[in-house]
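Residue numbers (our numbering): 4 to 285.
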């Protein structure tokens with residue numbers, strides 16, 4: 004039967020909130036990973052499809068329409084939306100449990116393993132639902148310039164997920180740290196944010212996973228600016244391993260946020276000038 008399945012229910016802990024005072028994006032992705040595996044298990048396809056999660060190229064496109072802050076209860080609904088020759092598209096809704104409002108939408112493309120049978124494909128196709136969320140765009144343009152180094156470390160043993168490689172949350176934590184390094188380089192550093200009660204709030208993420216990373220692997224992230232609006236910014240992170248091996252990329256779009264009003268506010272002239280210079284040099 005085509006329907007949405009509840010795949011996660013929990014709460015935002017205070018320690019999971021960031022400098023912008025709302026749920027850190029890496030912890031959303033930790034829940035997305037749980038929801039995906041729970042969904043495959045709940046529909047009876049976990050034995051074949053579960054081991055394939057995180058082991059091949061995939062894409063997650065996420066939009067955030069409302070904040071979740073410390074103490075918020077939320078749950079996730081998941082469903083199949085598309086089954087094609089080589090991939091399965093899953094959808095997740097993050098729902099504020101108190102209001103019943105969907106606050107985030109996720110589209111996840113997963114590779115279908117060669118071991119999948121025709122019967123499995125038919126079962127998945129029978130579960131497909133219409134997608135009620137924002138239209139899934141074409142992959143965002145990333146440009147040629149990779150930008151300066153914004154993160155460098157090594158994968159820790161405790162960051163390995165169920166698939167045997169670096170978890171989604173660990174990947175996004177690095178991109179978040181790279182984002183803060185990048186923002187600091189244009190003047191939006193911690194002092195600026197605390198003194199002016201300003202921050203960067205993410206509205207959309209386009210994550211492409213290319214290959215896994217193992218415990219002990221070196222991780223490098225480089226970040227470049229892609230767009231500057233009145234209140235908005237978009238930048239591109241590229242994650243590589245030793246020898247330049249491509250692991251993942253993330254296009255991150257968001258706004259310069261007034262932390263008290265909880266609304267977008269104009270990028271100030273000094274920061275705008277620094278970003279414009281980077282765009283000119285790209």
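Virtual Cβ for every residue (Gly too), placed ideally from N, Cα, C.
Residue j beta carbon less than 8 Å from that of residue i
{"i": "residue 207", "j": "residue 120", "result": "no"}
{"i": "residue 240", "j": "residue 181", "result": "yes"}
{"i": "residue 152", "j": "residue 220", "result": "no"}
{"i": "residue 101", "j": "residue 76", "result": "yes"}
{"i": "residue 108", "j": "residue 137", "result": "yes"}
{"i": "residue 115", "j": "residue 89", "result": "yes"}
{"i": "residue 254", "j": "residue 204", "result": "no"}
{"i": "residue 231", "j": "residue 23", "result": "no"}
{"i": "residue 97", "j": "residue 132", "result": "no"}
{"i": "residue 61", "j": "residue 93", "result": "no"}
{"i": "residue 214", "j": "residue 250", "result": "yes"}
{"i": "residue 225", "j": "residue 167", "result": "no"}
{"i": "residue 43", "j": "residue 53", "result": "yes"}
{"i": "residue 229", "j": "residue 184", "result": "no"}
{"i": "residue 218", "j": "residue 160", "result": "yes"}
Option in the options with minimal Cα separation from residue i
{"i": "residue 41", "options": "247, 242, 165, 195", "result": "165"}
{"i": "residue 74", "options": "142, 282, 183, 14", "result": "14"}
{"i": "residue 72", "options": "49, 17, 39, 94", "result": "17"}
{"i": "residue 197", "options": "260, 228, 210, 136", "result": "260"}
{"i": "residue 33", "options": "10, 44, 46, 52", "result": "10"}
{"i": "residue 85", "options": "126, 238, 253, 21", "result": "126"}
{"i": "residue 47", "options": "232, 159, 230, 130", "result": "130"}
{"i": "residue 39", "options": "80, 67, 20, 21", "result": "80"}
{"i": "residue 45", "options": "21, 211, 6, 67", "result": "6"}
{"i": "residue 199", "options": "110, 264, 12", "result": "264"}
{"i": "residue 158", "options": "179, 211, 216", "result": "216"}
{"i": "residue 56", "options": "12, 21, 78, 111", "result": "111"}
{"i": "residue 21", "options": "275, 179, 233, 267", "result": "179"}
Residue i versus residue j: straight-line alpha-carbon distance, rounded
{"i": "residue 134", "j": "residue 37", "result": "21 Å"}
{"i": "residue 69", "j": "residue 122", "result": "39 Å"}
{"i": "residue 103", "j": "residue 8", "result": "15 Å"}
{"i": "residue 106", "j": "residue 95", "result": "11 Å"}
{"i": "residue 277", "j": "residue 124", "result": "51 Å"}
{"i": "residue 209", "j": "residue 171", "result": "13 Å"}
{"i": "residue 242", "j": "residue 248", "result": "9 Å"}
{"i": "residue 188", "j": "residue 128", "result": "48 Å"}
{"i": "residue 272", "j": "residue 235", "result": "14 Å"}
{"i": "residue 280", "j": "residue 256", "result": "19 Å"}
{"i": "residue 148", "j": "residue 283", "result": "12 Å"}
{"i": "residue 201", "j": "residue 195", "result": "7 Å"}
{"i": "residue 142", "j": "residue 237", "result": "14 Å"}
{"i": "residue 191", "j": "residue 19", "result": "22 Å"}
{"i": "residue 169", "j": "residue 211", "result": "14 Å"}
{"i": "residue 49", "j": "residue 156", "result": "33 Å"}
{"i": "residue 269", "j": "residue 99", "result": "29 Å"}
{"i": "residue 87", "j": "residue 67", "result": "27 Å"}
{"i": "residue 275", "j": "residue 252", "result": "25 Å"}
{"i": "residue 266", "j": "residue 233", "result": "13 Å"}
{"i": "residue 186", "j": "residue 35", "result": "26 Å"}
{"i": "residue 12", "j": "residue 91", "result": "24 Å"}
{"i": "residue 78", "j": "residue 227", "result": "34 Å"}
Neighbour flag for residue i against chain C, beta carbons, 8 Å
{"i": "residue 276", "result": "Absence of chain C from the displayed structure is noted, only one protein chain being present."}
Notebook entry, point to check: Where in the region 199-231 do unbroken runs of the beta strand (DSSP E), each at least 3 residues long, occur, reported from the N-terminal end onward?
Noted result: Taking only runs of at least 3 residues, the beta strand (DSSP E) segments lying wholly in the region 199-231 are 201-212, 221-231.
Next item on the list: Identify every run of the beta strand (DSSP E) within the region 117-187, keeping only runs that are complete inside it and at least 3 residues long; order them along the chain.
Entry: Taking only runs of at least 3 residues, the beta strand (DSSP E) segments lying wholly in the region 117-187 are 152-157.
Margin query: Ignoring anything shorter than 3 residues, give me the beta strand (DSSP E) runs that lie fully in the region 37-81, in order along the chain.
Written below: Taking only runs of at least 3 residues, the beta strand (DSSP E) segments lying wholly in the region 37-81 are 61-67.
Check: Any chance the region 171-180 sits against the region 21-37, with 3 or more Cβ pairs inside 8 Å?
Finding: For the pair of segments examined, the region 171-180 was found to touch the region 21-37: the number of CB pairs separated by less than 8 Å reaches three.
Next item on the list: Could I get the ranges of all uninterrupted alpha helix (DSSP H) runs contained in the region 12-41, with 4 residues as the minimum, in chain order?
Entry: DSSP runs (the alpha helix (DSSP H)) wholly in the region 12-41: none.
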